[in-house]
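Notes to accompany the following structure.
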Amino acid sequence: FFDSMAMTDFMELAAGYPVFVLPFAAVALFFMVLSPAIPAMYRGIKKKDGVEVYQAIEQTLFPSFIRSWIFMRLIAVTTPYSGTIGAKVNSLSYDHADIAIRYHKAIGNPFASIHLAALINLGELTAMLPLVAGLGKQRRRCLPNGLRAEFHKKARGTITATIDEIEVADDQEDYEPEVQLHDEAGDLVAQVWIKIKVSAPEPSKKTKKEQ
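Residues in the sequence shown are numbered consecutively from 351, following this note's numbering.
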């Protein structure tokens with residue numbers, strides 16, 4: 351179990367060793383802080399439940415920027431393209447997501463603003479993270495099969511994408527949530543709609559055995 355006293359003792363112990371040992375000490379400290387969250391993270395990854403993974407990481411004592419970095423590295427492993435935009439998750443639950451990107455050269459266009467492809471990528475990521483997790487809890491799957499977008503102004507600085515009140519009926523097969531993207535001034539920069547095909551609930555393992 352990791353606490354502030356354990357960290358102090360660890361740092362005092364590391365200070366007595368040569369400099370070349372410090373990287374190994376840093377790695378050990380990293381996993382010491384992360385270790386309480388690993389079981390829940392493993393369950394979430396196995397179930398493809400990004401919300402469970404995110405909530406587990408949020409319970410650690412890392413600063414917020416490190417927690418976000420860990421989560422996005424995991425996203426980059428599962429969906430490499432989404433990992434290229436440098437997104438930061440501000441909040442995430444089964445019916446809500448708030449994810450931001452900041453302008454940088456890799457996602458820029460010739461007009462010193464964020465490329466529309468990066469904005470669409472952000473919109474898809476914001477919609478799919480809570481949807482895949484929420485539907486997974488109902489033993490349902492979803493697959494994007496189309497999208498449309500409207501762009502209202504140049505995307506400069508930090509752009510935040512949000513989605514709220516996700517509700518998919520039990521018998522619903524098609525769903526098209528809207529993601530809104532705003533800049534730091536609160537102005538609407540873009541809207542992205544993701545067309546999603548939703549499967550019927552899969553039978554539970556208990557039901558399959560009875561059949």
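Virtual Cβ for every residue (Gly too), placed ideally from N, Cα, C.
Quick caveat: nothing in here was measured; it's all calculated off a predicted structure.
| Through-space distance from Asp533 to Asp445, alpha-carbon basis | The straight-line gap from Cα to Cα measures roughly 22 Å.
| request: Whole angstroms is fine: what's the gap from Gln541's alpha carbon to Tyr404's? | output: 25 Å
| field | Contacting residues, own chain, Cβ-Cβ under 7 Å from Lys398 (five flanking each side not counted) | value | Val482 and Gly486
| Whose C-beta lies closer than 8 Å to the C-beta of Gly484 among residues of the same chain, with five residues either side of it excluded? | If we look at Gly484 and ignore the five residues flanking it on each side, its Cβ neighbours are Val401, Tyr444, Asp445, Ile516 and Val518.
| Below 8 Å, can you find three or more Cβ-Cβ pairs linking the region 437 to 457 to the region 404 to 418? | yes
| field | Presumed contact (8 Å Cβ cut-off) between Ala499 and Gly473, rounded CB distance | value | At roughly 7 Å, the Cβ-Cβ gap stays under 8 Å, so Ala499 and Gly473 are in contact.
| field | Cutoff 6 Å; reference Lys547; Cβ partners in own chain excluding five residues on either side | value | Leu493 and Asn495
| message | For a test of the three-state rule: what should DSSP assign to Ala447, helix, strand or coil? | response | strand
| task | Leaving aside the five residues before and after His502 along the sequence, list all residues of the same chain whose C-beta is less than 7 Å from its C-beta, in chain order. | result | Leu538, Val539 and Ala540
| said: Here's the rule I'm using: 16 or more other beta-carbon atoms within 10 Å means buried, otherwise exposed. How should Ala535 be labelled? | reply: exposed
| request: If I'm right that Ile544 touches Glu526 with Cβ under 8 Å, what's the distance once you round it to whole angstroms? | output: 7 Å
| query | When we look at the beta-carbon of Thr510 and count the other beta-carbons within 10 Å, is it buried (16 or more) or exposed? | reply | So Thr510 counts as buried.
| field | 8 Å CB neighbourhood of Glu408 in its chain, flanking five on each side removed | value | Arg417
| request: Look at Ala427 and Ala477 and say whether their C-beta atoms are less than 7 Å apart. | output: Sequence inspection shows Val at residue 427; the Ala mentioned does not correspond to that position. Contact flag unset, no.
| Nearest residue (CA-CA) to Leu479, options Pro553, Met422 and Ser549 | Closest option to Leu479, Cα to Cα, is Met422.
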